[in-house]
Amino acid sequence: MAYQSGLRNKRITVLNRQEQTVGMFGIDSAGIEWTEGPAIWANVEWSRGKAAMNVGALDAYCVVMVRMLYTNTINMRSRIRYDGQVYQILPDTFHADYETNTIQFHAQLVQAGAEYSDDYNNDFNSKQYGNI
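Structure representation (structure tokens):
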């Protein structure tokens, strides 16, 4: 399926997962770090209301649709940083087509002001379960 990459007038930064060593409770239990990848020109549009819910968002707030030229530095497990916020790609909406040179996906805001790592989740778990 071909998508138009549109007017690419916004800069997004790709954040890729960097798995840590296997912890006591299996893969990723030792933590996940996000390494900063390249900055890419893209077309970013806000998805509102029913359109955001139809793509599998948890709620209708803070969902963006991103269209860009094809690159192998981003995948459905990546995150993006756009306008100072970190967004999680919704995996079911990730469509990359090498032949038409396009990528399109929806992404939802992870946490306002979030850094690269899951500091909020780690802090929550340490308060709830103690330092594991």
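In our numbering, the protein residues as written are 358 to 489.
C-beta atoms are modelled at their ideal positions from N, C-alpha and C, and glycine is treated no differently.
Option in R436, L364, Q445, T450 with minimal Cα separation from P395: For the purposes of this step, residue 395 is taken as residue 38 along the sequence shown, with counting starting at 1. Each of R436, L364, Q445, T450 was checked against the Cα of P395, and the nearest Cα belongs to R436.
Buried or exposed (CB count within 10 angstroms, at least 16 for buried), M433: As a working note, residue 433 is residue 76 in the sequence shown. Burial call: exposed.
D440, DSSP secondary structure in three states: For this step, residue 440 is matched to residue 83 along the sequence shown. In this structure, D440 counts as coil in the three-state DSSP scheme.
Candidates R368, Q445, W398, A453, of which the one nearest N429 by Cα: Stepping through the sequence shown from its first residue, residue 429 is reached at position 72. Closest option to N429, Cα to Cα, is A453.
Residues near W398 by beta carbon distance below 6 angstroms, same chain, minus five either side: Residue mapping note: residue 398 aligns to position 41 of the sequence shown, counting from 1. Cβ within range, chain order: R365.
Enclosing beta strand (DSSP E) for E390 [first to last residue]: Stepping through the sequence shown from its first residue, residue 390 is reached at position 33. Element bounds for E390: 389-404.
Environment of Q375 [buried if 16+ CB atoms lie within 10 Å]: Along the sequence shown, one-based indexing puts residue 375 at 18. With a 10 Å radius around the Cβ and a threshold of 16 neighbouring Cβ atoms, Q375 comes out exposed.
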